[in-house]
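Asks:
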Amino acid sequence: QIPSYVRGRSIHNGCGGFGMGPHNFSHVFDCYAKLHSWNFESDGTVTFSSQFMQTNFYNQSVEMDDIWPSIYFGVESPRFGMKDRMAALMNSKPTDSVETYDNLNVNLWDFGL
Numbered sequence: 273q274i275p276s277y278v279r280g281r282s283i284h285n286g287c288g289g290f291g292m293g294p295h296n297f298s299h300v301f302d303c304y305a306k307l308h309s310w311n312f313e314s315d316g317t318v319t320f321s322s323q324f325m326q327t328n329f330y331n332q333s334v335e336m337d338d339i340w341p342s343i344y345f346g347v348e349s350p351r352f353g354m355k356d357r358m359a360a361l362m363n364s365k366p367t368d369s370v371e372t373y374d375n376l377n378v379n380l381w382d383f384g385l
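Residues in the sequence shown are numbered from 273 upward in steps of one, following our numbering.
Put into structure tokens, the structure is as follows:
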């Protein structure tokens, strides 16, 4: 039984998926970001929903049906071949665009609620 004073919504960002296609991530900072939401009603009803964040990193991985080659905190498994390692270097070069790597699932944001 959920107490009646527990009301509102709790939204957490975090890990959602550790791989796609033939490759997997080995570090929690590399996995696909996912939002998890719990909605607490005054009548004790709780609803849960979650959804992957539609980042460029995630969408490019879905399009390829594989993890998008980039430089990661951990080691991908199985290891990329030479072609994908070179692509990872090119995909990870610093740019003025936030689109280079927009999947950080450890960001904090104050919504001011």
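Note that CB positions come from ideal geometry on N, CA and C, so glycine has one too. Please read these numbers as outputs of a predicted model, since none were measured by experiment.
How many Å lie between VAL300 and THR317 at the Cα?
Replies: Against the sequence shown, residue 300 aligns to sequence position 28. Against the sequence shown, residue 317 aligns to sequence position 45. Each residue's alpha carbon lies about 31 Å from the other.
Asks: Please list, in chain order, all residues of the same chain as VAL370 whose beta carbon is under 7 Å from its beta carbon, the five residues on each side excluded.
Replies: Taking the sequence shown and counting its residues from 1, the one referred to as residue 370 is at position 98. Any reading at VAL370 needs caution, since the residue's pLDDT is 48, under 50, leaving its predicted position unreliable; the model's value is listed next. Answer for VAL370: no residue qualifies.
Asks: To the nearest angstrom, report how far apart GLY293 and GLN323 are at their CA atoms.
Replies: Working through the sequence shown from its first residue, we reach residue 293 at position 21. Working through the sequence shown from its first residue, we reach residue 323 at position 51. C-alpha separation (whole angstroms): 19 Å.
Asks: From ALA360 to GLY291, what distance separates their C-alpha atoms?
Replies: Within the sequence shown, numbered from 1, the residue matching residue 360 stands at position 88. Within the sequence shown, numbered from 1, the residue matching residue 291 stands at position 19. If you draw a straight line from the Cα of ALA360 to the Cα of GLY291, it is about 16 Å long.
Asks: Determine the DSSP secondary structure at GLY278, reduced to helix, strand or coil.
Replies: Indexing the sequence shown from 1 puts residue 278 at position 6. One point to set straight first is that residue 278 is Val, not Gly, in the sequence displayed. Coil, per DSSP.
Asks: If you draw a straight line from the alpha carbon of GLN227 to that of ALA305, how long is it in whole angstroms?
Replies: The question about residue 227 has no answer here: the residues shown for the chain are numbered 273 through 385.
Asks: Just mark ILE339 as buried or exposed, buried being the case when its beta carbon has 16 or more other beta carbons within 10 Å.
Replies: For the purposes of this step, residue 339 is identified with residue 67 of the sequence shown, where counting begins at 1. Counting Cβ neighbours within 10 Å, ILE339 comes out buried, since at least 16 surround it.
Asks: Closest to TYR277 by CA distance: which of ASN363, PRO350, PHE312, THR327 is it?
Replies: The count along the sequence shown starts at 1 and reaches residue 277 at position 5. Taking TYR277 as reference, the option from ASN363, PRO350, PHE312, THR327 with the minimal CA-CA separation is PHE312.
Asks: Can you tell me whether PRO341 is buried or exposed? The criterion is at least 16 other CB atoms within 10 Å of its CB, across all chains shown.
Replies: Translated into positions along the sequence shown, residue 341 becomes position 69. Label assigned to PRO341: buried.
Asks: Kindly say whether GLN323, judged by its beta-carbon, lies nearer than 7 Å to any beta-carbon of chain C.
Replies: Judged by its chain identifiers, the structure shown contains no chain C, having just a single protein chain.
Asks: Kindly list the residues whose CB is nearer than 8 Å to the CB of PRO350, restricted to its own chain and excluding five residues on each side of it in sequence; keep chain order.
Replies: Taking the first residue of the sequence shown as position 1, residue 350 is located at position 78. If we look at PRO350 and ignore the five residues flanking it on each side, its Cβ neighbours are PRO294, HIS295.
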